[in-house]
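**Q** Residue numbers (the working numbering): 302 to 1162. Here a beta-carbon is modelled for each residue, glycine too, at the ideal position from N, C-alpha and C. Computed from a predicted structure; not experimentally measured. Following this message is one structure expressed as structure tokens.
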Ligand code: BES
Ligand code: ZN
């Protein structure tokens, strides 16, 4: 029999907790299968909730051994989600709750709460994992100072805050800053530290340490350097200083997410810490730098000021993503980072916003909160802040943020609080702007232009129309305020109107530019000034003109991308020939030595097959994955044939001789080199890739060459050699697991995935390994969507296998099915059958039930 349908949690039901927690004192007696947790918690009536209340504490899978109130034994009523002590059994004023529980970290495969990873104890409490450690009001608006004592024979015992005592077999930690339980962390293991120091701008000495397994010490330097640069940047850019004597980072191999910002004790997936030139790609280095920064920045945006409830998640995540994006722009190249972020936004968030999983940046209901750490909350949440900054300007933004930190330090805040500081600091009314938080869906912007000549030239008028399609549960979408950055170019390429921020507030709105000498060419939505779809039919010649001349680098790239997308759409739909305008335009960019190589590499990459499927769907067509794959390959081949000399020349010129450096300039050269290689492989059968694989001096080149060889279907020997060389290194073997299904010919993708799933190294309970294989398969668009249904079946089989072991990761991976309604009836029927099979599985987790149900709920036709 199925369990009763889980009830959603509603934003509208928020009420403060009836008690405040004045202090938390925890003792851990660690043992893999029987850890004892003793909690001593000071509670007092919360004046915000007058009257007498039962004491309700969250708790899951805890064996309660004893419970006391003010030292007297009590017998709470327990259920599956916690316990209750009746108000009548509580004193009227403040009191102390004490409990001893036993938990089983070794049996915790869900990796939430206290668990084991490779012999080490570690925790993951966000969002609701603390309730698997002890009974507690596990909600972010309950903040308290924590003291922690750890008893264990393991040599390294860590928790939040500052170390306040240690002896043989024990250590004590004190965190003076009140925090919610989701920021609690504990680590115990046989670890070694890579150490450094940092002096804050007011002179506080901070001991920095990155804790890893013995043997991994020599792969921590880049993470440490990133940490120091993040600390300095937050002081210089936001005026935010670190606030403890120590800052610890621990790398763990088994981790559901990327990393976690626990106060003073960040815990990282080891793939986001460990890097050396031999084992990590340039993309890995860049990601490490940004995630180290992200988790560090949470110390102020998330920890000092936290969220009142989980509906406000974007308050910390959207803001912190925005901050880490700004940081990367300052460390590397601003336009390149902007393009990368927009690529991610479109690939993940637009896709989500256009399908069954669409939800507002601030949702108002959820079943399982872990399912709401989404591209919408993160990426769109960051975009919304970017728009806010564009609207109030650099100075207004800084004043608003200063006010935010002043006013809300030590509090659990809301989106209303956030918008209010902007209103108070700038005098602007943000009522309409708030729709970006409450309304789901991606606005579509159409444009028409008019040119009216007059005595001294003419007036150019742009008329915009906005429309947001309905999303689940939200049919009507009133107009939003949209900042539209526009520049105008002369037909000779000169800029006649520099970037101007137009503020669109109505459904339809016109903007006039007077006194122009001749009819201009518009460059619209420069820098991607708002997360909208610009629906504008532009002649290929105008796109080619912008690709050659736009002074805004983002729009220059965008023009090339749109040209490629239009070309591919016509190749797929009308069997058109590859467009010479596109190929010549790309050739010109490739040969332009004045352009950043990283930028040129981005221009050379064609839109993904998934992007094309979405573009065709948007145009009212049913995408055929096999044709999309074939035509994209045909276009790459045509580009390679036509541009071979230039590609070969750039491939040679972009070599990076000398010792490896992960800096942006060197990484940009390698990325252009590999972009050239990928195209050249289409016509040389993999000859260059094979040579590069033999001589590669870095993982970037080695994995890049391997990728090209797999795509050329001649990787047999290279794959064996790669595995043999790296079989001791989990992170590198993850790459081996992901590249094969992602890049092999689509008709073989499911077979390749099946073969890899049977490989002895497929340690599927490790989330990185599981994601490597399944994520690789779903990245192979035509392979995942194979007409036989083999891709879907394999994927669903493994979700079902993982779900009882690790529901959080199974649920996250289920999003691969979210775009199923785009495809033909046969494929839709196949996906529907898989979703039904998943939903019918006995004992399916709440996590996967919610996701599969929401995905299934879409387009029934
Ligand atoms: N707070 C999150 C980690 C988290 C996510 C915990 C979901 C529990 C559930 C952390 O700050 C985070 O956002 N991590 C990201 C990486 C980041 C750079 C966007 C992650 O883990 O993917
Ligand atoms: Zn975060």
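Who are residue 364's beta bridge partners in DSSP?
**A** 403
**Q** I want to check one thing, is the minimum distance from the CB of residue 590 to the heavy atoms of the ligand ZN below 7 Å?
**A** False, no ligand heavy atom lies under 7 Å from that Cβ.
**Q** Does the count of Cβ pairs from the region 384-397 and the region 519-533 closer than 8 Å reach three?
**A** no
**Q** Check whether the Cβ of residue 558 lies closer than 7 Å to any heavy atom of the ligand BES, and answer yes or no.
**A** yes
**Q** Might you give, ordered along the chain, the residues of its own chain that have their beta carbon closer than 7 Å to the beta carbon of residue 808, omitting 5 neighbours on each side?
**A** Excluding the 5 residues flanking it on each side, residue 808 has same chain C-beta neighbours closer than 7 Å at 766, 767 and 780, in chain order.
**Q** Leaving out the 5 sequence neighbours to the left and right, which residues in its chain are closer than 8 Å to residue 579 when beta-carbon positions are compared?
**A** Excluding the 5 residues flanking it on each side, residue 579 has same chain C-beta neighbours closer than 8 Å at 999 and 1000, in chain order.
**Q** Are the CB atoms of residue 507 and residue 543 nearer to each other than 8 Å?
**A** Inclusion of residue 507 and residue 543 in the CB contact set at 8 Å is warranted, their separation being smaller than that value.
**Q** If residue 787 sits next to residue 823, beta carbons under 8 Å apart, how far is it from one beta carbon to the other, in whole angstroms?
**A** 6 Å
**Q** Going by DSSP, name the residue or residues bridged to residue 509.
**A** 497 and 548
**Q** Out of 561, 534, 509 and 562, point me to the one whose CA is closest to residue 547's CA.
**A** Of the listed residues, the one whose Cα sits closest to residue 547 is 509.
**Q** Give the DSSP bridge partners of residue 764, in chain order.
**A** 749 and 811
**Q** Per DSSP, what kind of secondary structure is residue 833 in: helix, strand or coil?
**A** coil
**Q** For residue 302, which of helix, strand or coil comes out of DSSP?
**A** In this prediction, residue 302 scores a pLDDT of 39, lower than 50, which makes its location untrustworthy; the coordinate-derived value is nonetheless stated afterwards. Reduced to three states, the DSSP call for residue 302 is coil.
**Q** Taking 7 Å as the cut-off, is the C-beta of residue 1060 nearer than that to any heavy atom in the ligand ZN?
**A** no
**Q** Is the closest heavy atom of the ligand BES to the C-beta of residue 678 under 7 Å?
**A** no
**Q** Please classify residue 1152 as buried or exposed, where buried requires at least 16 neighbouring CB atoms within 10 angstroms.
**A** Its Cβ being crowded by 16 or more others within 10 Å, residue 1152 is buried.
**Q** Is any heavy atom in the ligand BES found nearer than 7 Å to the beta carbon of residue 671?
**A** yes
**Q** Please report the distance separating the alpha-carbon of residue 972 from that of residue 870.
**A** 26 Å
**Q** Check for me: the alpha helix (DSSP H) holding residue 481 runs from which residue to which?
**A** Counting along the chain, residue 481 falls outside any alpha helix (DSSP H), and DSSP gives it neither H nor E.
**Q** Looking at residue 361 and the ligand BES, is the gap between the Cβ and the nearest heavy atom below 7 Å?
**A** Residue 361 Cβ: outside cutoff for every heavy atom of the ligand BES.
**Q** Specify the secondary structure class of residue 733 as computed by DSSP and reduced to three states.
**A** coil
**Q** Using the DSSP secondary-structure output, state which residues sit across from residue 492 in a beta bridge.
**A** 514
**Q** To which residues of the same chain is residue 910 closer than 8 Å at the C-beta, ignoring the five residues directly before and after it?
**A** 926, 929, 930, 933, 1082 and 1083
**Q** Can residue 805 and residue 783 be called in contact, C-beta distance under 8 Å?
**A** yes
**Q** Which residues bound the alpha helix (DSSP H) around residue 418?
**A** Note, residue 418: premise wrong, no alpha helix (DSSP H); beta strand (DSSP E) at 414-418.
**Q** Under a three-way DSSP split, which group does residue 663 fall into?
**A** In this structure, residue 663 counts as coil in the three-state DSSP scheme.
**Q** How about residue 625: is its Cβ closer than 7 Å to a heavy atom in the ligand BES?
**A** yes
**Q** Let me check one thing: in DSSP terms, what residues is residue 574 bridge-paired to?
**A** BP columns for residue 574 are empty, so no partner.
**Q** Using CA atoms only, rank isn't needed, just tell me which of 923, 757 and 764 is closest to residue 746.
**A** Ranking 923, 757 and 764 by Cα distance to residue 746 puts 764 first.
**Q** Starting from residue 805, trace the beta strand (DSSP E) in both directions and tell me its first and last residue.
**A** 796-805
**Q** Okay, do the region 339-348 and the region 452-469 touch, 3+ Cβ pairs below 8 Å being the bar?
**A** no
**Q** In whole angstroms, what is the alpha-carbon distance linking residue 1046 and residue 1012?
**A** 7 Å
**Q** Does the region 881-892 come within contact of the region 939-950, defined as at least 3 CB pairs closer than 8 Å?
**A** Verdict: yes, contact present.
**Q** Is residue 421 helix, strand or coil when you go by DSSP?
**A** Residue 421: strand per DSSP, three-state reduction.
**Q** Among the residues of its own chain, which have a CB less than 8 Å from the CB of residue 627, if the five just before and after it don't count?
**A** The residues are 538.
**Q** Compute every distance between the C-beta of residue 684 and the non-hydrogen atoms of the ligand ZN, then say whether any falls below 7 Å.
**A** no
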